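Asker: The end of the sequence shown is residue 279 by this note's numbering, with every number in the run present. Using N, Cα and C, we set each Cβ at its ideal position, and we do this for glycine too. In this text, all values refer to a predicted model and were calculated from it rather than measured experimentally.
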Amino acid sequence: MITALVNFIRALSSNTSPASIGHAFAWGVIFGLMPKNNALWYILFVLIFFMRIQRGVLSLTTIIVSFLAPLADPMLDNVGCWILTQDFMQAPMIKIMNIPFVAFTRLDNSIVIGSLAVGLMAYIPVFLLSLIFTRIWRKHLAARFKNLKIVKAIGKIPLVKKIASAAEEVM
């Protein structure tokens, strides 16, 4: 978790494109909202490695949203139930669920389809907000953050130094 946090702060301050950070935030929200016990999550997770995004930001966002997702489950369940009970969804869902191995995606589960729908609807707003945040961070907040006494004190801890140097080697 500490490594993910170090990578996150480095990504915000580095030469990484703000768009790749924005996409990482948005995909992190989708991955964090979706239940992890279905094939759809794993398929999307594998596909994300073919995209140019900041994986440290993706990891940290996924972890944080995953901890908060159970609070949103009732709302996601309602959205999923609404989607699955629409008349225009009945015939396509029957056809889709009869395709071999598609049942492992659990698209007929109201929380899975609700979290996917909410995550996709939130993609553009999260992307745009993260672009704004990244630009503000780089222009105004990064220098102030580095000069905080607590950040300097934490940076002197040997374990944190090792993690930070290991993160630098990976990048």
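Do you know offhand how far V234's Cα is from A147's?
Answerer: The straight-line gap from Cα to Cα measures roughly 25 Å.
Asker: Note down, in chain order, each residue of its chain lying with its Cβ closer than 6 Å to the Cβ of D216, except the 5 sequence neighbours on either side.
Answerer: Excluding residues within five positions, the ones whose Cβ falls inside 6 Å are M205.
Asker: Among I138, L228 and Q162, whose alpha-carbon lies nearest the alpha-carbon of L176?
Answerer: For the residues I138, L228 and Q162, the minimum Cα distance to L176 belongs to I138.
Asker: Determine the direct distance from the alpha carbon of R243 to that of Q162, and round the result to whole angstroms.
Answerer: Cα-Cα distance, rounded: 15 Å.
Asker: The alpha helix (DSSP H) spanning F241 covers which residue range?
Answerer: S218 to I244 is the span of the alpha helix (DSSP H), which, as asked, contains F241.
Asker: Could you round the C-beta distance between G222 and I191 to whole angstroms and report it? I think they count as a contact, below 8 Å.
Answerer: Confirmed, Cβ separation roughly 7 Å.
Asker: Going by other Cβ atoms of all chains shown within 10 Å of its Cβ, with 16 needed for buried, is H131 buried or exposed?
Answerer: Buried, because 16 or more other Cβ atoms sit within 10 Å of the Cβ of H131.
Asker: What does the Cβ neighbour count give for V154, buried or exposed, with the cut at 16 atoms within 10 Å?
Answerer: Exposed.
Asker: By a C-beta neighbour count over all protein chains shown, 10 Å radius and 16 as the cutoff for buried, is A134 buried or exposed?
Answerer: A134 comes out buried.
Asker: Here's the rule: buried if 16 or more other CB atoms are within 10 angstroms of the residue's CB, otherwise exposed. What is T193?
Answerer: Exposed, by the Cβ-count rule.
Asker: Taking the Cβ atom as the reference point for each residue, do I129 and L239 lie within a distance shorter than 9 Å?
Answerer: Against a cut-off of 9 Å, the Cβ pair of L239 and I129 comes out as a contact.
Asker: Let me know the secondary structure DSSP gives L215 once reduced to three states.
Answerer: In the structure shown, L215 sits in coil (DSSP, three-state: anything other than H, G, I, E or B).
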